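**Q**
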Amino acid sequence: MIFLIYFIFTIKSIDTSTQVCNGPLGMTSGEIRDWQITASSTLWDSDCHEKNARLYQPSDRAWCARHKSDSEWLQIDLGISAKISGVLTQGRANKEEYVISFMVSYSTDAYRWQYLVDRYGNQKIFSANTDSYSVRHNYFDEAIISRFIKFHPIQWYSHPSLRVEIIGCQECKQYLGLPPYGKISASTSWPYRRRASCQPEDGYIMSNKGWCSRKRYKHDQWLEFDLGHPSTVTSLITKGRGDTTQDQWVTKYKVSFSNDTRLWLYYKDKSQIEPKEFSANNDRDSERIHFLNEPFFARYVRLHPVEWHNHVSMRAAILGCPHQDACFPGYFRVNSEAQCVENMAYKKQTWTNDRNRHQQSTGATTELKSRSARETNGDPSLAVDGLEESLDWSKCATIDNYFVRKPVWMVDLGRVTNIAGVMLRTWHANNKANNSLISSSIYRDYLANLDRYNVYVDQRPRRYRFKNANLCSFITRTDQALTSSSRLHFQCQRALRGRFVYIEADGITDRWNKLFTAVLCEVFVYEQ
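Take the sequence shown: its letters are residues -18 to -1, 1 to 510, numbered as in mature numbering (1 follows the signal peptide of the UniProt record, and there is no 0).
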């Protein structure tokens, strides 16, 4: 208990030189002004003006190109150069128009432009949306420094219409728990018109709707934000409900926080005995912000309405500083500038379709075996043990084709969820000279005969015969893509719903020696 309390309240000073770049840069909030948004062309409809290319605009609004052509573009001027680590995209909801794929170019002066490229040196094509209303988050493999950024639609459904947000660096007032990766829940919610509004996810500050409690007069209601990784919270923003002719908003609330959802502490100002009550709103649309005198460190934050106008309805956001040091066990960063996200595979049950290792690794026996025994056998559990700092081959899981043509490593996440991508930490081929445990034959098998990795997601366990619909992504040996880096990023073309994640290895078929070994040092799975 003493350790837990210390963990919650210990807040480190913030080093802005290593600031995590994962906050919205102003499209949604309006900090980026209308004149900073330009486009190659715009449809005559007033709802299609480029100024409407902002995330969470009313459903009829978006930027709509005048022509159905891949030469159209949307340009954002950030005013000054910023570090950009990703983008969010959304379609034109009520018109069923959205972009399916796009490219990104950037510039510091609006004259000399360059495109983001993939690991093969080709202009990178990002997968965008699969419907007109959901938000898609695309990470960049590496952050870029730029003032101007262009979105180039390549494919679209019905019409190239787009709403966007740019993710990157700000001062230490970043939005924490940004959807879709942050999660919002509530004590109750009103079943409004088939859940078209009033749900917990409608309580995010950028929504044009709002969370509404089921109980109108009860005082034990709350709206909870799961920030993903424990972070320093510095301020809170609230608004009223935005999608009703009735006036509904919260006028006063309390705040509690936790790291495990079991022990909750109410926020208090220094030297105060009672929990602090924050004054909130007096209309539906004005934002009310509170900067905390005593910032706290937590993963979960709850807002408890104390007083309200007409009904318990609100929108809110948590601001602060994302965790900047090494991620806690069970978390990781998709790239060096992204915030820590939960690794869904951490310490979960694993096995392979290799009958020799499968017999030694399934079930509870994995936890009972000694570390040395697991290292000797390349046990599948070594890929989810959280020990990623070492690239010693003996501390990694291995699969090979000695018993099966296509060896498969699998992890059971424990529950069905929406999988957005997988990161794989492999044994780097260039470590051969520094690793006395690697025999020349294993090195040769790994480097010469391994041809590709396929990543699949499914709702039930399998050993083989995967469906193409379950394919998340793949990486081949082309241009040494498998061996040039120890971190491989498999970003799913679309979020796949499932409980089981599979990594399938395949070898080159035109060699006399077809044996190969795949080395999985650590596997990371992140949600949509």
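Beta carbons: idealized from backbone N, C-alpha and C, even for Gly.
Since this is a predicted model, take the numbers as computed values, not measurements.
Where does L245 land, buried or exposed, given buried means 16+ other C-beta within 10 angstroms?
**A** Reading the sequence shown from its first residue, position 263 is the one you call residue 245. Its Cβ having fewer than 16 others within 10 Å, L245 is exposed.
**Q** Using CA coordinates, which residue listed in K106, K200, G403 and V507 is at the minimum distance from residue 537?
**A** Since the first residue shown for the chain is -18 and the last is 510, residue 537 is missing from the structure and cannot be characterised.
**Q** Compute the beta-carbon to beta-carbon distance between K197 and T170, rounded to the nearest angstrom, for a pair I have assumed lies under 8 Å.
**A** As a first step, residue 197 must be located in the sequence shown, where it is residue number 215. As a first step, residue 170 must be located in the sequence shown, where it is residue number 188. At roughly 6 Å, the Cβ-Cβ gap stays under 8 Å, so K197 and T170 are in contact.
**Q** CB V294 to CB K330, shorter than 8 Å?
**A** The count along the sequence shown starts at 1 and reaches residue 294 at position 312. The count along the sequence shown starts at 1 and reaches residue 330 at position 348. In this structure, K330 does not lie closer than 8 Å to V294 by Cβ.
**Q** Using the Cα positions of A21 and Q156, report the straight-line distance between them to the nearest angstrom.
**A** Start at 1 with the first residue of the sequence shown, and residue 21 comes out as number 39. Start at 1 with the first residue of the sequence shown, and residue 156 comes out as number 174. Taking the straight line from one Cα to the other gives about 27 Å.
**Q** Is L419 helix, strand or coil by DSSP?
**A** Here the question's residue 419 lines up with position 437 in the sequence shown. Because L419 carries a pLDDT of 46, less than 50, the predicted location of this residue cannot be relied on, and no value is offered for it.
**Q** By a C-beta neighbour count over all protein chains shown, 10 Å radius and 16 as the cutoff for buried, is I126 buried or exposed?
**A** Position 144 of the sequence shown holds residue 126. Buried: at least 16 other Cβ atoms inside 10 Å.
**Q** Can you list, in chain order, the residues of its chain whose CB lies under 7 Å from that of A346, leaving out five sequence neighbours each side?
**A** The residue labelled residue 346 in the question sits at position 364 within the sequence shown. For A346, the predicted model reports a pLDDT of 38, less than 50, meaning its position is unreliable; a value from the coordinates is still stated below. Cβ neighbours of A346 beyond the five flanking positions: none.
**Q** By a C-beta neighbour count over all protein chains shown, 10 Å radius and 16 as the cutoff for buried, is L350 buried or exposed?
**A** Counted from its first residue, the sequence shown places residue 350 at position 368. Note that L350 scores 45 on pLDDT, short of 50, meaning its location in the model is unreliable; the coordinates nonetheless yield the value given after this. Exposed, since its Cβ has fewer than 16 Cβ neighbours within 10 Å.
**Q** Is it the case that the Cβ atoms of N383 and G489 are separated by a distance below 8 Å?
**A** Your numbering for residue 383 matches position 401 in the sequence shown. Your numbering for residue 489 matches position 507 in the sequence shown. Yes, the pair counts as a contact, with Cβ atoms nearer than the cut-off.
**Q** Give me the residue from S140, R129, P161 and L98 with the minimum Cα distance to H119.
**A** Residue numbering aside, residue 119 sits at position 137 when the sequence shown is read from its first letter. Measuring from the Cα of H119, the nearest candidate turns out to be P161.
**Q** May I have the straight-line CA-CA distance separating P142 from L56, to the nearest angstrom?
**A** Translated into positions along the sequence shown, residue 142 becomes position 160. Translated into positions along the sequence shown, residue 56 becomes position 74. Answer to the nearest angstrom: the Cα atoms are 11 Å apart.
**Q** Please report how far the alpha carbon of E79 lies from the alpha carbon of D113, in whole angstroms.
**A** One-based indexing of the sequence shown puts residue 79 at position 97. One-based indexing of the sequence shown puts residue 113 at position 131. The straight-line gap from Cα to Cα measures roughly 8 Å.
**Q** Can you name the residues that DSSP bridges to C180?
**A** Locating residue 180 in the sequence shown gives position 198, where the first residue counts as 1. For C180, which the question treats as bridged, DSSP gives the partners W193.
**Q** Quick test of the definition: if touching needs 3 or more C-beta pairs under 8 Å, does the region 433 to 444 touch the region 452 to 470?
**A** Yes, they touch.
**Q** Should the region 499 to 510 be called in touch with the region 396 to 407, which here means at least 3 C-beta pairs below 8 Å?
**A** With the cut-off at 8 Å, the region 499 to 510 and the region 396 to 407 touch.
**Q** Kindly indicate which residue of R469, D440 and E486 has the alpha-carbon position closest to the one of R479.
**A** As a position in the sequence shown, residue 479 is number 497, starting the count at 1. Selected option, being the one with the closest Cα: D440.
**Q** With a CB to CB cut of under 8 Å and the five nearest residues on each side skipped, what residues in its chain are close to P173?
**A** In the sequence shown, counting from the first residue as 1, residue 173 sits at position 191. So the qualifying residues of the chain are C180 and R196.
**Q** Please work out which residues of its chain come closer than 7 Å, Cβ to Cβ, to V501, disregarding the five sequence neighbours upstream and downstream, and give them in chain order.
**A** Start at 1 with the first residue of the sequence shown, and residue 501 comes out as number 519. W375, C378, T380, T408, W409 and Y428, listed in sequence order.
**Q** Pick helix, strand or coil for N452, following the three-state DSSP scheme.
**A** Along the sequence shown, one-based indexing puts residue 452 at 470. In this structure, N452 counts as helix in the three-state DSSP scheme.
**Q** Going by DSSP in three states, D16 sits in which element: helix, strand or coil?
**A** Counted from its first residue, the sequence shown places residue 16 at position 34. The answer is helix: DSSP assigns D16 an H, G or I state.
**Q** Within 10 Å of its beta-carbon, does V99 have 16 or more other beta-carbons around it, so buried, or fewer, so exposed?
**A** Within the sequence shown, numbered from 1, the residue matching residue 99 stands at position 117. Exposed, by the Cβ-count rule.
**Q** Measure from the alpha carbon of Q475 to the alpha carbon of each residue in F108, I62 and S67, then state which is nearest.
**A** Position 493 of the sequence shown holds residue 475. Answer by Cα proximity: F108.
**Q** Using the Cα positions of E504 and W290, report the straight-line distance between them to the nearest angstrom.
**A** Here the question's residue 504 lines up with position 522 in the sequence shown. Here the question's residue 290 lines up with position 308 in the sequence shown. Distance between the alpha carbons of E504 and W290: 49 Å.
**Q** To the nearest whole angstrom, what separates the beta carbons of N263 and W231, a pair I think is in contact under 8 Å?
**A** As a position in the sequence shown, residue 263 is number 281, starting the count at 1. As a position in the sequence shown, residue 231 is number 249, starting the count at 1. Yes, N263 and W231 are in contact; Cβ-Cβ is about 4 Å, under 8 Å.
**Q** In whole angstroms, give me the CA-to-CA distance for L369 and G210.
**A** Counting from one through the sequence shown, the residue named residue 369 turns up at place 387. Counting from one through the sequence shown, the residue named residue 210 turns up at place 228. Roughly 21 Å between the two C-alpha positions.
**Q** Determine the burial state of R442: buried for a count of at least 16 other Cβ atoms within 10 Å of its Cβ, exposed for fewer.
**A** Position 460 of the sequence shown, counting from 1, holds the residue named residue 442. Result: exposed.
**Q** Give the DSSP bridge partners of Y121, in chain order.
**A** By 1-based counting over the sequence shown, the position of residue 121 is 139. Partner(s): G68.
**Q** Taking only three categories from DSSP, how would you classify Q228?
**A** Translated into positions along the sequence shown, residue 228 becomes position 246. Coil.
**Q** Do the region 23 to 33 and the region 82 to 97 touch if we need at least three Cβ pairs shorter than 8 Å?
**A** Contact between the region 23 to 33 and the region 82 to 97 is absent, because fewer than three Cβ pairs lie under 8 Å.
**Q** Who are F310's beta bridge partners in DSSP?
**A** The sequence position of residue 310 within the sequence shown is 328, counting from 1. Looking at the DSSP assignment, F310 forms no beta bridge with any residue, so it has no partner.
**Q** According to DSSP, is H104 helix, strand or coil?
**A** Looking up residue 104 in the sequence shown gives position 122. According to the sequence displayed, residue 104 carries Asn and not His. Correct three-state label for N104: coil.
**Q** Does E206 come out as helix, strand or coil in the three-state DSSP assignment?
**A** Position 224 of the sequence shown, counted from the first residue, corresponds to residue 206. Three-state result, E206: strand.
**Q** Please report the distance separating the alpha-carbon of H201 from that of S67.
**A** Within the sequence shown, residue 201 is the residue found at index 219, counting from 1. Within the sequence shown, residue 67 is the residue found at index 85, counting from 1. In a straight line, the C-alpha of H201 is about 41 Å away from that of S67.
**Q** State the DSSP-derived secondary structure class of Y508, mapped to helix, strand or coil.
**A** Along the sequence shown, one-based indexing puts residue 508 at 526. Y508: strand per DSSP, three-state reduction.
**Q** When burial is assigned at 16 or more other CB atoms within 10 Å of the CB, is W26 buried or exposed?
**A** If you number the sequence shown from 1, residue 26 lands on position 44. Its Cβ having fewer than 16 others within 10 Å, W26 is exposed.
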